[in-house]
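A.B. asks: Can you keep this structure in mind? I'll have questions shortly.
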Amino acid sequence: MSTSTGAYTALYLIESAATLAFALSGVVEAARRRLDAVGVVVVAGLAAFGGGTLRDVLLDRRPFFWVTHTELLWAVLCVGIGAMVFMRRRHLEPTERAMQWPDAVGMGLFAASGTQISLSMGQPALVSVILGMVTAVFGGVLRDIVCNDIPKVFRDHRPYALLAFLGGWVLVLADTLGAPSWLGLSVAAVVATALRMLAIWRAWTIPTWLG
Amino acid sequence: MSTSTGAYTALYLIESAATLAFALSGVVEAARRRLDAVGVVVVAGLAAFGGGTLRDVLLDRRPFFWVTHTELLWAVLCVGIGAMVFMRRRHLEPTERAMQWPDAVGMGLFAASGTQISLSMGQPALVSVILGMVTAVFGGVLRDIVCNDIPKVFRDHRPYALLAFLGGWVLVLADTLGAPSWLGLSVAAVVATALRMLAIWRAWTIPTWLG
Amino acid sequence: MSTSTGAYTALYLIESAATLAFALSGVVEAARRRLDAVGVVVVAGLAAFGGGTLRDVLLDRRPFFWVTHTELLWAVLCVGIGAMVFMRRRHLEPTERAMQWPDAVGMGLFAASGTQISLSMGQPALVSVILGMVTAVFGGVLRDIVCNDIPKVFRDHRPYALLAFLGGWVLVLADTLGAPSWLGLSVAAVVATALRMLAIWRAWTIPTWLG
Chain Y
1 MSTSTGAYTA LYLIESAATL AFALSGVVEA ARRRLDAVGV VVVAGLAAFG GGTLRDVLLD
61 RRPFFWVTHT ELLWAVLCVG IGAMVFMRRR HLEPTERAMQ WPDAVGMGLF AASGTQISLS
121 MGQPALVSVI LGMVTAVFGG VLRDIVCNDI PKVFRDHRPY ALLAFLGGWV LVLADTLGAP
181 SWLGLSVAAV VATALRMLAI WRAWTIPTWL G
Chain Z
212 MSTSTGAYTA LYLIESAATL AFALSGVVEA ARRRLDAVGV VVVAGLAAFG GGTLRDVLLD
272 RRPFFWVTHT ELLWAVLCVG IGAMVFMRRR HLEPTERAMQ WPDAVGMGLF AASGTQISLS
332 MGQPALVSVI LGMVTAVFGG VLRDIVCNDI PKVFRDHRPY ALLAFLGGWV LVLADTLGAP
392 SWLGLSVAAV VATALRMLAI WRAWTIPTWL G
Chain G
423 MSTSTGAYTA LYLIESAATL AFALSGVVEA ARRRLDAVGV VVVAGLAAFG GGTLRDVLLD
483 RRPFFWVTHT ELLWAVLCVG IGAMVFMRRR HLEPTERAMQ WPDAVGMGLF AASGTQISLS
543 MGQPALVSVI LGMVTAVFGG VLRDIVCNDI PKVFRDHRPY ALLAFLGGWV LVLADTLGAP
603 SWLGLSVAAV VATALRMLAI WRAWTIPTWL G
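Protein chains in written order, with this note's numbering: chain Y, 1 to 211; chain Z, 212 to 422; chain G, 423 to 633.
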């Protein structure tokens, strides 16, 4: 029972952190695009909740994370409004690159938590890893589409979905080896996030179509 | 029991009116874009049923409105085909602005009915208001995306989602004060629609990012 | 019981064939766009599984086809990777037109299977035909959107959604006449696919808005 409570707490902390990281990436992106106040909050909300919501719809899982924890809705609302009030243009200049960090953190955390949730609902490993990838990727895709941008995941030719996929398999491996769920979640999230940061820093690219 | 039947009737009337208003906005938009006959019907259908369907998927509510009331599917099919047959170019000149009126009516009605449906399924107030906003906004977003347009809700810098959000809170307030549901629905829909029309007429804008 | 097993087998074969046909159309499209290895697999997967997944979400039907039959996930993964390894530029030159054939086959098969599945869950005929059309069209729409293309279904002014709609009604008719389900499925799929091929070959167009 205490293990189960511990696992639940680890999952809650990771989902909340991923949600706030993506909300931040949405605020920065909306600010760069000079959206109005409503646009900032909408983009932050889509980035924060889009991936987890699609995962839960596919898994037919209710209530959604943001219905059980409405404090996260209020938090994202406050992040959006706070950013409007306190951020100024001089804060935005460096953000084109800075925005990649919360995006990488959210990606790694959601890949881990999405895979874990799907496994714990009895889905096969491959399905769980794909749903982890969907959780990690879809919020950012919505954010970029609403900002009228080609989604970063399809655009920058650096591994992104691939690393979410890899992070999911790390979690499946940890689970198979019998590691406690907080450990598997942490290792998978750290691996996916760290590799993404390395990929940006070292400009890794994915092999393209051979001509 | 008679109250419950009355509430159901009010909801049915409001959902039907909103569906037809959005179908009309879709026909006008598709006509402006010179889509073919199939495109007109598809755009009318997406505008009419998109918002309510996404709301019901998120709420895990079945059957959909258009499955219980297939007469609405036939009605939208007839609106689309009728428009193809009877409308001519001379009817279309003024529609860029004229299309805003059915759009505003559909938005107000769906914001009210979406919030009401979500509340009656026991969702928290903030969640219900957000789902009302989703109902009000998503049909128009699909309509504009299929017409290869940036969604109006993100484009015109006039309050839209914000007014749907406000209309939802009016309904929550009426509900909390113990008003009968037909009254809350009507007041919320009128407030959201009237404010949207005022916003277009008086060219109200939302504060943008402070530079 | 043997009838039911036979019906299930026919449905399984048709869904699998449609899935692979759309995966192939996705690989060809992604290759034409010079996407990277991950992009090819993602586009193939969205084309293959997008339509059936949306249908099942709308019908609230679980598990998804690709969860019960994970061998199809592996097959699409292999098709994507195999294409990357074995296809070369000289294979791609003629594919702009060649890609229309797997697309037409997938459309006809999914229109039939989608309508059948919806009917067998007790949905009304019009709803079932619409869900068959959604199954047939949505995978291709996702494929084209991710490749940053206007969806073919809205672009080429040749009947596509209309033929999926027609194929669905053929299946409803066969069902009403008491034909065994494998026969209805086959006839509906052949009619929709053959008419689509004819439409491309003979350059049939849909009447556009009358000026």
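We treat Cβ as the ideally placed atom computed from N, Cα and C, and that holds for glycine.
1. The alpha helix (DSSP H) spanning ILE552 of chain G covers which residue range?
2. Is there a Cβ from chain Y that is less than 7 angstroms from the Cβ of ALA459 of chain G?
3. Relative to the C-alpha of VAL146 of chain Y, which candidate in Y:VAL43, Y:ARG32, Y:VAL28, Y:SER25 has its C-alpha closest?
4. Could you please give the first and the last residue of the uninterrupted alpha helix (DSSP H) stretch that includes THR419 of chain Z?
5. Since LEU480 of chain G meets chain Y, which of its residues come closer than 7 angstroms, beta carbon to beta carbon?
6. Below 9 angstroms on C-beta distance, what does ILE628 of chain G contact in chain Z?
7. Do three or more CB pairs link the stretch 359-374 of chain Z to the stretch 277-288 of chain Z at distances below 8 angstroms?
8. Cβ closer than 9 angstroms: which chain G residues qualify as neighbours of THR346 of chain Z?
9. At a Cβ threshold of 7 angstroms, is MET212 of chain Z touching chain Y?
10. Tell me the DSSP secondary structure of LEU458 of chain G in three-state form.
11. Provide the residue span of the alpha helix (DSSP H) that contains LEU166 of chain Y, from first to last.
12. Give me the Cα-Cα distance between GLY261 of chain Z and THR346 of chain Z, rounded to the nearest whole angstrom.
13. Between which residues of its own chain and LEU257 of chain Z is the CB-CB distance below 8 angstroms, once the five residues before and five after are set aside?
14. For chain Z, find out if any of its Cβ atoms is closer than 7 angstroms to the Cβ of LEU73 of chain Y; answer yes or no.
15. Looking at the secondary structure, which residues open and close the alpha helix (DSSP H) in which ALA611 of chain G lies?
16. Should MET555 of chain G and ALA583 of chain G be called a contact, given that it needs their Cβ atoms to be closer than 7 angstroms?
17. Using the beta-carbon of each residue, which ones in chain Z are nearer than 8 angstroms to ALA583 of chain G?
18. Starting from the beta carbon of VAL127 of chain Y, find every residue of chain G whose beta carbon is closer than 9 angstroms, and list them in chain order.
19. According to DSSP, simplified to helix, strand and coil, what is PRO102 of chain Y?
20. Short check: CB of GLN116 of chain Y to CB of LEU195 of chain Y, under 7 angstroms?
21. Determine the direct distance from the alpha carbon of TRP204 of chain Y to that of MET506 of chain G, and round the result to whole angstroms.
22. Looking at the C-beta of PRO335 of chain Z, does it have a partner C-beta in chain Y at a distance below 7 angstroms?
23. Anyone know if the C-beta pair for LEU265 of chain Y and ALA104 of chain Y falls short of 7 angstroms?
24. Please classify ARG55 of chain Y: is it buried, with 16 or more other beta-carbons within 10 angstroms of its beta-carbon, or exposed?
25. So ALA189 of chain Y packs on GLY168 of chain Y, CB below 8 angstroms; how close in whole Å?
26. Name, going along the chain, the residues of the stretch 138-150 of chain Y whose beta-carbon falls closer than 7 angstroms to a beta-carbon of chain Z.
C.D. replies: Short version:
1. 547-568
2. yes
3. Y:VAL43
4. Note, THR419 of chain Z: premise wrong, no alpha helix (DSSP H); not H, not E.
5. By Cβ distance, chain Y contributes nothing, its closest Cβ being about 11 angstroms from LEU480 of chain G, past 7 angstroms.
6. ASP247, ALA248, VAL249, GLY250
7. no
8. Chain G residues near THR346 of chain Z: none, gap ~16 angstroms exceeds 9 angstroms.
9. With a pLDDT of only 40 at MET212 of chain Z, under the threshold of 50, the placement of this residue in the model should not be trusted; the figure read from the coordinates follows. No, because no Cβ of chain Y sits closer than 7 angstroms to the Cβ of MET212 of chain Z.
10. This sequence places Asp at residue 458 of chain G; Leu is not what is there. In the structure shown, ASP458 of chain G sits in a strand (DSSP, three-state: E or B).
11. 161-176
12. 8 angstroms
13. GLY237, GLY350, LEU353, ARG354, VAL357
14. yes
15. 603-623
16. yes
17. VAL249, VAL253
18. PRO485, PHE486, TRP488, VAL489, THR492, LEU495
19. helix
20. no
21. 19 angstroms
22. yes
23. Because residue 265 of chain Y is not part of the residues shown, which for chain Y are 1 to 211, the question remains open.
24. buried
25. With 8 angstroms as the limit, ALA189 of chain Y and GLY168 of chain Y do not qualify as a contact, their Cβ atoms being about 11 angstroms apart.
26. VAL146, ASN148
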